[in-house]
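*Asks:* Residues 1 to 243 (this note's numbering) make up the sequence shown, in order.
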Amino acid sequence: MRQVLACTEGMNLVRSLRDGLAEHDINVVMASSHRLCLVQAREMQPDGILLSLPENVTDAGRTVAEFRRESGAGMLVIAHTYSETQAIAVLDAGADDYVVHRNNDHELNARVRALLRRSARISGQRSVTIGDLRIDAESRTVRIQNREARLTPLEFRLLSCLAANVGKSLSPGTLLRAVQGYDLDEGDAAHIIKALVWRLRQKIEIDPANPRYILNVRGSGYILERRGPNRRTSSLPAYRQAS
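Take a look at the structure:
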C-alpha cells in the first residue's frame, strides 16, 4: 500500500482524503506539527507528501525546502488563498504541485493520485548514462562529469521523461503532461517548458548557450541526444542548439 504523509491540522481534510484514497490502495498518515512532519518525512520516506500551509506562513518557499531536504517524494502544497508569489516560491523550492483548497475534495484526491502516478513512472525507469551525464532513477540523482547536479523535482521529472525517450523528440505538450500532469495548448505549454529547459541546461550542460544533451527540434519539441557531446552537429541539420 502506498503511503501519503499529510502535514496539516485539518482533521476534516485528512478524513476526506483517507476515505477517498483508501479505495485506490493509498494510506494517509497525519502529522499535525511542523517538527513531527519533518521527522515523519525523513523516517517514513512516504510515496507522497501533502503539505497544508498555515494561513500565517511568511516564507512558504523555505518551508518546502526544509521538507525537500528530508524527502524526494512527490509534494503537493495546499494554500488557503492563491498568491502568485507564493506559488512560484514553493514550486521553485521543490514542490510538485500547488493548489488552493476550496473544499473540492474530489479534485484534491485526483491531484494526489496523479502525483503518485508521476512518481511511480519515474521510479520505474532505468538508470541512463549518456556521455558524461548519468541519471539514476532509483536514487533520483543526476551527475555530470562526476559531479552532482542538484535538480528540483520538476527538473528531474523533465530530464527523466526525456531519458525514457532518449533519441526521440517530444512536444512541449507531451512534456508538460509528464511533469505536471495537466494539458495546455501547445503555445502555452511551449512557454512553460522552454523556461524549465533553460533552467535544466544551466545545471547539466557544460555550455548552456550551446547545449549538447537537450536539443530542440524545429517544429517538434525537445530531444535528449543519445550520443551526448560526442555527436557531430553537422550530421543533424534538423536540430537547433538554442531554444
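No residue lacks a Cβ here, since even glycine has one placed at the ideal position from N, Cα and C.
Skipping 5 residues on each side, what residues in its chain have a beta carbon closer than 7 Å to that of L176?
*Replies:* Counting from one through the sequence shown, the residue named residue 176 turns up at place 176. Closer than 7 Å at the Cβ level, and outside the excluded window around L176, lie L184, A189, I192, I193.
*Asks:* Buried or exposed for L36, please, with buried defined as at least 16 other CB atoms from any protein chain shown within 10 angstroms of its CB.
*Replies:* To locate residue 36, count along the sequence shown from 1; it is residue 36. Label assigned to L36: exposed.
*Asks:* Assuming L76 and L50 make a contact with CB atoms under 8 Å, what is their CB distance in whole Å?
*Replies:* Position 76 of the sequence shown, counted from the first residue, corresponds to residue 76. Position 50 of the sequence shown, counted from the first residue, corresponds to residue 50. Indeed they touch by this definition, with Cβ atoms about 5 Å apart.
*Asks:* Do A95 and V128 have their C-beta atoms closer together than 7 Å?
*Replies:* Locating residue 95 in the sequence shown gives position 95, where the first residue counts as 1. Locating residue 128 in the sequence shown gives position 128, where the first residue counts as 1. Not closer than 7 Å, so no.
*Asks:* Using the C-alpha atoms, what's the distance from D207 back to Q145?
*Replies:* Along the sequence shown, read from residue 1 onward, the residue named residue 145 stands at position 145. Along the sequence shown, read from residue 1 onward, the residue named residue 207 stands at position 207. Approximately 13 Å, taken between the alpha carbons.
*Asks:* Could you pull out every unbroken beta strand (DSSP E) segment of at least 3 residues lying fully inside the segment 55 to 79, listed in chain order?
*Replies:* DSSP runs (the beta strand (DSSP E)) wholly in the segment 55 to 79: 74 to 79.
*Asks:* If you run the structure through DSSP and keep just helix, strand and coil, what is Q40?
*Replies:* Position 40 of the sequence shown, counting from 1, holds the residue named residue 40. Q40 falls in the helix class under three-state DSSP.
*Asks:* From this set, H34, R18, Y82, L115, which residue's C-alpha is nearest C7's C-alpha?
*Replies:* By one-based count along the sequence shown, residue 7 stands at place 7. Nearest C-alpha to C7: H34.
*Asks:* Rounding to the nearest angstrom, what Cα-Cα distance links L17 and P211 in this structure?
*Replies:* Numbered from its first residue, the sequence shown carries residue 17 at position 17. Numbered from its first residue, the sequence shown carries residue 211 at position 211. Each residue's Cα considered, the two are about 44 Å apart.
*Asks:* Taking just the CA atoms, how far does N216 sit from D92?
*Replies:* Reading the sequence shown from its first residue, position 92 is the one you call residue 92. Reading the sequence shown from its first residue, position 216 is the one you call residue 216. Each residue's alpha carbon lies about 23 Å from the other.
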